[in-house]
Structure formats: C-alpha cells, structure tokens
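Chemist: Sharing a structure, written as structure tokens. Questions coming.
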C-alpha cells in the first residue's frame with residue numbers, strides 16, 4: 011500500500027493547533043449531543059419579531075413630529091425675490107377648464123403626444 015501526501019495536506023497539518031490542558035480542568039461530563047435544529051430554533055425565538063412596515067411607520071412618525079428637524083432658516087435676498095416672482099408669474103396663465111389627460115386611455119402613455 012502506497013500513501014501519497016498531497017502538497018496542500020502538508021500545509022493543513024502544519025496549521026493544526028493543539029489545546030493545552032487547563033490547570034484546574036473540570037471533570038469531563040459525557041452528555042448526549044443536542045440536535046442542531048433545536049438550538050437553531052432557540053436562537054430564532056430570542057430574536058424580536060419585526061413586522062412589515064415598522065421602520066416606515068417609525069420614520070414617518072419622526073418626520074411628522076419634527077423631533078429631528080433642523081431649526082427653520084429664513085430665505086434671504088435674491089432667493090426670496092426669485093421665489094416670489096415665480097409664484098406671482100404662476101397667475102399669468104389661467105387654469106384650463108379641462109386638461110387633456112391620457113389617464114384611462116389604452117395605449118396613451120406619458121411619452122405619447124396628442
């Protein structure tokens with residue numbers, strides 16, 4: 011019988027570690043091994059249950075209360091003037107009585123022109 015040692019096996023053997031005995035080692039108790047699925051279910055039971063949408067509800071509550079909002083800052087000078095002019099210019103064009111809308115029409119999407 012010939013034993014062949016592969017090159018990677020030498021590296022594996024060199025990396026093995028030996029545990030040194032403890033000075034006050036407790037007596038070895040032979041317990042029956044526990045199945046892995048039981049420990050996995052115990053670990054899952056310890057994790058809190060997260061409901062779908064909990065994070066969204068929490069973020070919306072923070073936004074609603076303004077608890078993390080920065081202090082209000084005034085709009086100064088040129089920016090305020092430009093914003094007010096845009097607001098006033100919006101009244102130059104009358105609101106049409108009926109808008110040409112493609113909602114509900116088959117084959118009429120946002121990219122089509124009428």
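Numbering (our numbering), first residue to last: 11 to 124.
In this text, a Cβ means the ideal position worked out from N, Cα and C, and glycines have one as well.
Flag this pair as yes or no: are the beta carbons of residue 93 and residue 85 separated by less than 8 Å?
Modeler: In the chain shown, residue 93 corresponds to position 83, counting from 1. In the chain shown, residue 85 corresponds to position 75, counting from 1. Yes, Cβ-Cβ distance for residue 93 and residue 85 is below 8 Å.
Chemist: Mapping the DSSP letters down to three states, classify residue 63 as helix, strand or coil.
Modeler: By 1-based counting over the chain shown, the position of residue 63 is 53. Correct three-state label for residue 63: coil.
Chemist: How would you call residue 124, buried or exposed, if buried means at least 16 neighbouring beta carbons within 10 angstroms?
Modeler: The sequence position of residue 124 within the chain shown is 114, counting from 1. Because the pLDDT at residue 124 is just 48, under 50, the model does not fix this residue reliably, and the value given afterwards should be weighed accordingly. Under this definition residue 124 is an exposed residue.
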